[in-house]
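Chemist: When you line the sequence shown up against my numbering, it's residues -7 to 166, in that order.
Quick reminder that beta carbons are idealized off the backbone N, C-alpha and C, glycines included.
Note that the structure is predicted; figures quoted are calculated from it, not measured.
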Amino acid sequence: MESRMEAHVSGQSNKPLTKPAHALDRDDIVQQLEADIENGLTASIASQRLEQYGRNELDDGPGVQPIKILIRQIANAMMLVLILAMAVSFGIRSWIEGGVVCAIIILNIIVGFLQEFQAEKTMDSLRSLSSPSANVIRDGSIINIPTAELVIGDMVQLKVGDTVPADLRRRRDF
C-alpha cells in the first residue's frame, strides 16, 4: 500500500483522464470513470476501486505541534535577518537599537506563533466536521456507507442539509 501512495498526487484520483475532471462533460466523465449513472457501481467494482485507490480520508497527521510551530517562527529568513541585526547592534554596543530589535523579534515570534497555532487548531476541527456517512447508489439501490469507503465513480445522493462527503460532480438538479 505504501508504494501505491508514493506516486499519488494530492487532489487527484490518479486515474488517467483525457482532461481534468471539471473540464469534461458529464457523458465523457461517466464513460472514462466506467461509472453507471442509473445503477451506480457494483459492490465488486467498488471493492476493487477501494483497494486500488485507497480510502477517502484526509491525512490526520500528528495534530497540532507547538514546538514545530515555534521552530518555524524562529527559523525563517526574516527572523534570521532580525537576529543578525540584533547581534550586530549588541556587538557594536548600540544597546538601545539592539533592545528595540530584540523586542520586535520577541513580538513577531509571539504573534506568529499564536496565529499559526490557532490556524492549526482550526484545521483539526475542520477535519472532525467531515461527513461520517454518505448515501450512494450501488447495485441499483441506495445504501448508506461510511465516507471513507467512497470510491471514484460512486453516485452520491445529497439531500438538503447533507455535508458533502467528497469531491463530487453534480449530475443534475432534482
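Identify whether arginine 163 lies in helix, strand or coil by the three-state DSSP scheme.
Modeler: The count along the sequence shown starts at 1 and reaches residue 163 at position 171. Note: arginine 163 maps to coil in three-state DSSP.
Chemist: Buried or exposed: proline 157, going by 16 or more other Cβ atoms within 10 Å of its Cβ?
Modeler: For the purposes of this step, residue 157 is taken as the residue at position 165 of the sequence shown. Proline 157 comes out buried.
Chemist: State the CB to CB distance for the pair valine 128 and valine 148, rounded to an integer number of angstroms; the pair is presumed to be in contact (CB under 8 Å).
Modeler: As a first step, residue 128 is located in the sequence shown; it is residue number 136 there, counting from the start. As a first step, residue 148 is located in the sequence shown; it is residue number 156 there, counting from the start. Contact flag correct, Cβ pair sits at about 5 Å.
Chemist: Buried or exposed for glycine 132, please, with buried defined as at least 16 other CB atoms from any protein chain shown within 10 angstroms of its CB.
Modeler: Residue mapping note: residue 132 aligns to position 140 of the sequence shown, counting from 1. Exposed.
Chemist: Take isoleucine 29 and list the residues in its own chain whose beta-carbon comes closer than 8 Å to its own, dropping the five residues that flank it on each side.
Modeler: Here residue 29 refers to the residue found at position 37 when the sequence shown is read from its first residue. Excluding positions up to five away in sequence, the list reads Val22, Met147, Arg163.
Chemist: Anyone know if the C-beta pair for arginine 130 and leucine 25 falls short of 8 Å?
Modeler: Residue 130 sits at position 138 when you count from the first residue of the sequence shown. Residue 25 sits at position 33 when you count from the first residue of the sequence shown. No, the pair does not count as a contact, with Cβ atoms beyond the cut-off.
Chemist: The beta strand (DSSP E) that contains serine 133, what's its start and end?
Modeler: Counting from 1 along the sequence shown, the entry for residue 133 is found at position 141. Segment 133 to 138, the beta strand (DSSP E) holding serine 133.
Chemist: Do you know how far the Cα of glutamate 49 is from the Cα of glycine 104?
Modeler: As a first step, residue 104 must be located in the sequence shown, where it is residue number 112. As a first step, residue 49 must be located in the sequence shown, where it is residue number 57. In a straight line, the C-alpha of glycine 104 is about 30 Å away from that of glutamate 49.
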